[in-house]
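If you read the sequence shown in this note's numbering, its first letter stands for residue 21, the second for the next number, and so on. No residue lacks a Cβ here, since even glycine has one placed at the ideal position from N, Cα and C. Below is one structure, written out as structure tokens; comments come after it.
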Amino acid sequence: MRISQNFDSGAIEVLSLDNPQDIRLRLRADNAAEFRQWFHFRVQGAEGQGLRMVFENAAEAAYPDGWPGYRCTASYDRRTWFRVYATSYEDGQLVVEHTPERNSVYYAYFEPYSYERHLDMLGWVEVSPFASVDSLGATVEGREIDRIVVGRDSPARLPIWIIGRQHPGETMAEWFIEGLLERLLDAADPVARHIRERAVLHIVPNVNPDGAIHGNLRTNAAGRNLNREWLAPDLDASPEVLHVRAAMEKVGCSLFLDIHGDEALPYVFFSTAEEVPGFTPEMAAKQERVIAALKAASPDFQTEHGYKPGRFGEELLTLASKWVAHRFGCVSLTLEMPFKDNANLPDGNVGWNGARSKRLGAAMLNAILAHVEAP
């Protein structure tokens, strides 16, 4: 039996493989920072064997509150992912028990979104008559910061920005954007058509491709948490934020959506902008219009559960959506999806997954429509 992780987004440390019933593992830290929670690895030669995999340092994860109620994801073909029911958190250790039905099986913290799929998405977007793809600049390791532009740029059209995967382990964000793009570029969809006529959308599906390929949870190749870099981004350490911010300054922003995943809370929710200095009643009304429209469009979204006021403290304006709200006085929201399941609409087989993230992305067009149609 072998365990490997030397592939796109692979991440694990193997301590012992001597006994299939006592496989000892460690969560691997980000390549240049001490954040750890993401894992993604392949087990070979274990068909029909009962495996008991113990992640010994789960209590040292960035968000140990994410483990209670969590179930590991697994796949034989890297296309269909399911949850491993026998996942538990015991005495500071994550324990996954599973009997593979095939010789080769992959395990991951959440359904991965590969860089190859990212490039494939850019390919089918590029051939759409409604979109174009360009680069905002280079990452720390020289990868492109890909931007998709939908709609013709015009002073009469509202500039809308949507970004994902500042935290690379939050792969649900790029699944969400894929679903949004599939609907947005559908010539037969009247909601998409109306949005394309009223707005120009700037979409950055993966702000942090370096971190994604490294198998990082939260940081880029230089060890920076990009969602704490917006107040003063650095060309050498956080060029990803610097380039996105510079592009926003050129075209402006009427609506900003930053797409994320939350380890602990089993709900879909927005982190809103009320605490941002200068937040006005007009901004509140526009924000509420977007929130209400998404709630009407998708029962997966709710407003009862979310972050408590004051959560970000002095870091507030270092966060993307908070900085954008302050800088542009616009509707600026962080969308959070669960790593676990949506407790309001649970699915015992897959939990929250890529497909559900895509459906939510498609539903977001209704909320965008409500924004662009506002007087």
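Residue i classed as buried or exposed, judged by whether at least 16 other C-beta atoms fall within 10 angstroms
i, result
"L365", "exposed"
"D42", "exposed"
"N26", "exposed"
"T119", "exposed"
"H325", "exposed"
"S341", "buried"
"Y105", "exposed"
"A207", "exposed"
"R91", "buried"
"R122", "exposed"
"L35", "exposed"
"R103", "buried"
"E380", "Looking at the sequence provided, one finds Leu at residue 380 rather than Glu. Its Cβ being crowded by 16 or more others within 10 Å, L380 is buried."
"E190", "buried"
"E110", "exposed"
"S291", "buried"
Rounded distance between the beta-carbons of residue j and residue i, thought under 8 Å
i, j, result
"P259", "A158", "7 Å"
"S377", "G171", "Not confirmed; about 23 Å, so no contact."
"A94", "W101", "7 Å"
"S134", "S29", "7 Å"
"K84", "R163", "The question names Lys, but residue 84 in the sequence shown is Pro. Incorrect: roughly 31 Å between the Cβ atoms, too far for contact."
"L355", "L277", "6 Å"
In DSSP terms, what residue i is bridged to
i, result
"Y109", "L114"
"W396", "The requested residue 396 does not occur in the structure, where the chain is confined to residues 21 to 395."
"I233", "I233 is not bridged to any residue."
"T354", "D278 and S291"
"V63", "I23 and V125"
"R203", "Note: R203 sits in no beta bridge, so no partner."
"A242", "In DSSP, A242 forms no bridge with anything."
"I168", "V153 and I223"
Secondary structure of residue i, DSSP reduced to three states
i, result
"I215", "helix"
"S124", "strand"
"E33", "strand"
"T338", "helix"
"L45", "strand"
"L156", "strand"
"R72", "strand"
"F321", "strand"
"D140", "helix"
"F102", "strand"
"S95", "strand"
"V147", "coil"
"V370", "coil"
"H263", "helix"
"F130", "coil"
"A316", "helix"
"A305", "helix"
"A53", "coil"
"F299", "coil"
"P395", "coil"
"R376", "helix"
"G326", "coil"
"L256", "According to the sequence as given, residue 256 is Asp; it is not Leu. DSSP places D256 in coil when its eight states are reduced to three."
"E190", "coil"
"R331", "coil"
"L251", "coil"
"Y90", "coil"
"R163", "coil"
"L365", "coil"
Span separating the alpha-carbon of residue i from that of residue j
i, j, result
"T300", "E294", "8 Å"
"V220", "R213", "12 Å"
"N245", "Q69", "39 Å"
"P286", "T323", "13 Å"
"G112", "I183", "34 Å"
"V264", "E249", "12 Å"
"F359", "D282", "6 Å"
"E217", "D256", "38 Å"
"L201", "N39", "46 Å"
"V15", "F289", "Since the first and last residues shown for the chain are 21 and 395, residue 15 lies out of range."
"G143", "K306", "34 Å"
"I32", "A52", "15 Å"
"W58", "R238", "9 Å"
"E80", "F55", "9 Å"
"D166", "A78", "34 Å"
"I180", "L205", "15 Å"
"G368", "A375", "14 Å"
"H346", "V271", "16 Å"
"S124", "V310", "44 Å"
"G243", "E335", "17 Å"
"F196", "A382", "8 Å"
"L139", "L385", "23 Å"
"L339", "V145", "29 Å"
"L71", "Y96", "15 Å"
Min CB distance residue i to chain D below 7 Å
i, result
"E294", "Although the question refers to chain D, the structure presented lacks it and comprises just one protein chain."
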